[in-house]
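First to last, the protein sequences are chains A and B.
The working numbering applies: residue 1 is where the first sequence begins, and numbers increase by one.
The working numbering applies: residue 416 is where the second sequence begins, and numbers increase by one.
Glycine is no exception: its CB is placed at the ideal position from the N, C-alpha and C atoms.
All figures in this text were calculated on a predicted structure; none of them were measured in a lab.
A quick write-up on the structure given underneath.
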Amino acid sequence: MTSAVPGTLAAFLCLFFQTANVTDVMAQEATDKQPVATDRPQKIAEIRIGYLRAYAPQLALSLLDLPPRDEGVAGANVAIGDNNTTGKFLSQKFSLDITEVKPDADAAQAFNELIAKGDRYVVADLSVRQLLSIADIARDKGVLVFNVGATDDSLREEDCRINIFHVAPTRSMLADALAQYLVVKKWPNWVLLYGSHERDHLYAAALRRAAARFGGQIVAEKEFKDTGTARRTDTGATQIQQQISVFTQDLPEHDVVLVADESEVFGTYVPYRTWTPRLVAGTAGLVASSWHPASEQWGGIQMQSRFLRTTGRRMLSKDMSAWTAVRAVGEASTRTNGDDPKKISDYIRSDDFSVAAFKGQKLTFRKWNHQLRQPILLGDTESVVSTSPQEGYLHQISELDTLGVDQPETKCVLK
Amino acid sequence: MQRRACALAILATGFMANPAWAYTVYVSNEKDNTVTVVDTATMQVVKTVEVGQRPRGITISHDGKFIYLCASDDDTIEIIDTATLQIVGTLPSGPDPELFVLSPDGKTLYVANEDDNLVTAINIESKQVMAEIPVGVEPEGMAVSPDGKTMVNTSETTSMAHFIDTDSHEVTDNVLVDTRPRFAQFKPDGSQIWVSAEIGGTVSVIDSFKREVVKKIQFAIAGLRPETIQPVGIAISADGKKAYVALGPANHVAVINTETYEVEKYILVGQRVWHLDFTPDQKTLITTNGNSNDITFIDTATDEPVQSVTVGQQPWGVAISPH
């Protein structure tokens with residue numbers, strides 16, 4: 001004791017001492033009483049979640065970018081484990097039924113089979129066409145579909161559907177997240193290099209929209225034609241070095257090279273090989289995504305180590321989307337304390353619903369098109385560089401709505 | 416714990432006559448692996464102690480002789496002798512210990528192991544693990560009732576407060592709260608447990624006897640986005656009348672009247688205010704401000720911030736000497 005305690009304080013503490021004793025007895029009585037819940041065994045509520053995915057082996061320009069065989073599925077499995085840890089306190093048991101189809105196959109049959117097993121929630125990693133082919137069945141059978149793969153804005157706009165919820169961010173959300181950061185950094189002049197496939201064009205369109213929205217200038221554009229060359233050759237590196245340099249030789253002065261190459265034809269080769277020394281962003285260089293394998297902010301380290309321990313690899317964006325989808329069902333089951341699909345579905349559609357996914361704030365669905373609001377991470381291969389929305393981009397409802405198509409612009413009529 | 420403080424207070428009036436309310440504050444600095452030692456009378460840093468990796472949860476033995484510190488990335492709890500400020504031992508915490516609570520008799524530490532969905536009970540004297548209790552996903556907040564019979568743990572992804580009987584080490588009740596509960600604090604009379612929900616943005620007041628939420632406290636600060644209000648640390652005054660809640664990236668501490676549950680004031684402190692504690696005389700509240708690398712002294716008579724003191728990088732937890 002390095003301080004003198006006045007008598008009044010001591011007296012006060014003694015008074016307090018007595019109070020504490022009285023309540024000790026009360027607390028004892030309370031704990032001696034058996035809790036009601038353990039008196040009678042509760043029926044276990046079984047909540048089955050389907051996972052329907054279009055799968056075919058994919059090529060990538062870098063060995064590091066070859067998708068793991070269980071991309072997405074692994075995230076769903078970890079979330080099932082998390083749901084069950086919570087579920088044991090509420091007599092709920094979650095399980096996952098995984099079905100794979102080919103990317104061009106009929107998804108409706110596989111979807112119907114999942115419904116026949118009793119799945120009322122289906123995580124879908126499918127193409128736009130496949131998703132639309134199951135949307136009406138989902139509506140008629142009261143099944144909620146969680147899109148974790150398709151980033152197409154059209155699915156949230158003209159082709160939005162009442163029973164499809166989108167956990168994956170849209171291309172416009174990703175592009176807006178990137179554009180906000182580049183503008184905040186005062187690097188506003190961009191050239192846009194895009195691939196020749198449809199999805200490359202869609203990403204390029206999202207980048208153009210983002211430029212117009214946030215004050216970026218696209219000073220030149222160039223399409224990189226896919227001439228059908230193999231992605232892998234033993235001595236390709238020398239040629240690529242020259243090829244990209246020449247391809248970027250005639251561009252006007254710019255701050256950043258934007259790359260839109262979802263098809264993995266040339267984008268990976270752009271950084272460090274440009275004619276002038278410039279930063280690269282888009283699908284190469286600084287990449288916008290819903291998760292990053294090195295994100296450890298906001299408790300993320302716990303998610304990362306749990307995922308690594310369970311699966312033996314790092315967590316990718318699709319894993320996080322699938323984890324979030326399964327957790328959304330888990331969260332709604334916890335809050336409604338049961339397995340009634342109607343109650344769970346109503347809860348997910350309600351204002352009360354939110355889910356936490358290690359992004360520093362609660363994530364909610366946009367009412368008008370069922371897109372999950374979420375911060376977008378900007379990272380290179382090693383680390384998270386920034387998180388958007390950037391400071392200062394204000395919004396009357398949620399700053400997360402500065403990313404992507406906002407309510408006043410939406411073409412979505414849910415049906 | 417409060418009873419112990421009472422006994423010490425009486426003893427102190429008897430034979431201690433040192434001047435000026437000087438307590439010693441120990442702050443764990445998550446980023447630079449140190450504990451900063453601050454004197455409350457001078458409000459100056461006295462010493463910086465090198466500790467294990469990623470120090471977070473910190474508490475002090477009831478006699479003030481030892482600091483217990485979660486060195487999260489070393490998977491251990493370090494024991495620091497407050498007389499020499501040397502690390503004199505470790506306790507087997509299990510992996511990734513984050514927060515813990517000391518039993519009122521000072522014999523047991525209850526530790527939340529975030530990575531393993533477990534709460535570990537450790538006997539301090541024998542340094543043995545007495546029990547591992549399975550709880551929800553990502554256990555964090557830890558509180559023990561004044562009589563030592565009930566322990567409460569919060570699990571962040573499960574969003575529950577788990578009530579654990581400290582004799583049987585069984586979970587007896589689970590109370591659902593809002594998203595990502597971070598911290599639990601018993602009222603000094605044991606009648607309620609206050610639980611903060613970081614992402615939910617609320618504090619749930621749970622009745623200890625009914626084991627149900629009797630009040631949910633919400634926060635609103637003019638000019639701040641609701642999502643920046645993320646309640647974490649809670650400190651309740653010894654008379655039970657005022658509760659202080661650290662609001663994380665909102666950079667404010669809320670002062671709550673525990674009778675009306677009204678927020679009476681928001682005190683501006685440093686950036687990302689995380690944890691807080693009272694000096695034993697209750698006159699000062701000290702907060703750790705993770706992103707501004709400082710601690711704030713608040714005068715509890717006026718609820719005004721008095722002074723900020725720079726400590727190490729990303730201050731996380733705070734423990735204050737009982738004398």
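- If only uninterrupted beta strand (DSSP E) runs of at least 3 residues are considered, those enclosed by the segment 74 to 148 of chain A are 92 to 101, 121 to 125, 144 to 147.
- Judged by DSSP in its simplified three-state form, H166/A adopts strand.
- Within the segment 361 to 392 of chain A, the residues whose Cβ lies closer than 8 Å to any Cβ of chain B are, in chain order, Q361, K362.
- Taking 8 Å as the cut-off between beta carbons, the residues of the segment 499 to 533 of chain B near chain A are D511, E529, D530, N532, in sequence order.
- Under a criterion of Cβ atoms nearer than 9 Å, the residues of chain A adjacent to E642/B are, in order, G360, Q361, K362, S398, E399, L400.
- Here K362/A is buried: its Cβ has 16 or more other Cβ atoms, across all protein chains shown, within 10 Å.
- By the Cβ neighbour-count rule, R597/B is buried, with 16 or more other Cβ atoms within 10 Å of its own.
- A contact is defined here as three or more CB-CB pairs under 8 Å, and the segment 113 to 127 of chain A fails this definition with respect to the segment 582 to 599 of chain B.
- In the DSSP assignment, I397/A falls outside any beta strand (DSSP E), carrying neither H nor E.
- Per DSSP, reduced to three states, the secondary structure at A716/B is coil, with no helix or strand assignment.
- Note that the segment 541 to 556 of chain B does not touch the segment 66 to 73 of chain A; fewer than 3 beta-carbon pairs, one per stretch, sit closer than 8 Å.
- Taking the Cβ atoms as the reference, K602/B lies roughly 5 Å from G655/B, within the contact range of under 8 Å.
- Under the three-state reduction of DSSP, Q729/B is assigned to coil, being neither helix nor strand.
- Collapsing the DSSP output to three states places T336/A in a helix.
- Every alpha helix (DSSP H) of 4 residues or more that sits fully in the segment 267 to 335 of chain A is shown, in chain order, as 300 to 311.
- In this structure D339/A is in contact with A45/A, their Cβ atoms being roughly 4 Å apart against a cut-off of 8 Å.
- Counting only Cβ-Cβ distances below 8 Å, F89/A has contacts in chain B at G551, T573, M575, H577, V586, N589, in chain order.
- Take D604/B, set aside five residues on each side of it, and the residues of its chain with a beta-carbon closer than 6 Å to its own are G655, in chain order.
- Annotation for D176/A: the continuous alpha helix (DSSP H) segment containing it runs 171 to 184.
- For R597/B, the enclosing beta strand (DSSP E) has its first and last residue at 596 to 601.
- The count of Cβ pairs closer than 8 Å, one atom from the segment 350 to 365 of chain A and one from the segment 325 to 333 of chain A, reaches three, so the stretches are in contact.
- With 16 or more other Cβ atoms from the protein chains shown falling within 10 Å of its own Cβ, Y181/A counts as buried.
- Counting only residues of its own chain and dropping the five nearest sequence neighbours on each side, T491/B has a CB closer than 6 Å to the CB of T505, S508.
- Inter-segment contact for the segment 220 to 228 of chain A and the segment 153 to 166 of chain A is absent: fewer than three beta-carbon pairs are separated by less than 8 Å.
- Chain order gives the chain B residues near Q302/A as E529, D530, E553, where near means a beta carbon separation below 7 Å.
- For the set T439/B, A734/B, A486/B, P519/B, the Cα lying nearest the Cα of D562/B is the one of P519/B.
- Residue contact check for R156/A against chain B: no CB pair falls below 9 Å.
- For D319/A, the closest Cβ of chain B is not nearer than 9 Å.
- The beta carbon of D339/A does not come within 9 Å of any beta carbon belonging to chain B, so the residue lies off that interface.
- Distance from N163/A to A138/A at the Cβ level is roughly 4 Å; contact confirmed, criterion being Cβ atoms closer than 8 Å.
- What G299/A touches in chain B, judged by beta-carbon distance under 8 Å, is E553, E571, R595, going in chain order.
- When the five nearest sequence neighbours on each side are left out, the beta carbons in the same chain lying within less than 6 Å of the beta carbon of S263/A are those of G195, H197, D200, in order along the chain.
- Following the DSSP letters along the chain, one finds F214/A inside the alpha helix (DSSP H) bounded by residues 198 to 214.
- Taking CB atoms only, A76/A has no neighbour in chain B less than 9 Å away.
- When beta bridges are read from the DSSP output, K680/B appears opposite V670/B.
- Below the 7 Å Cβ cutoff, chain A contributes no neighbours of I649/B, its closest Cβ being approximately 18 Å away.
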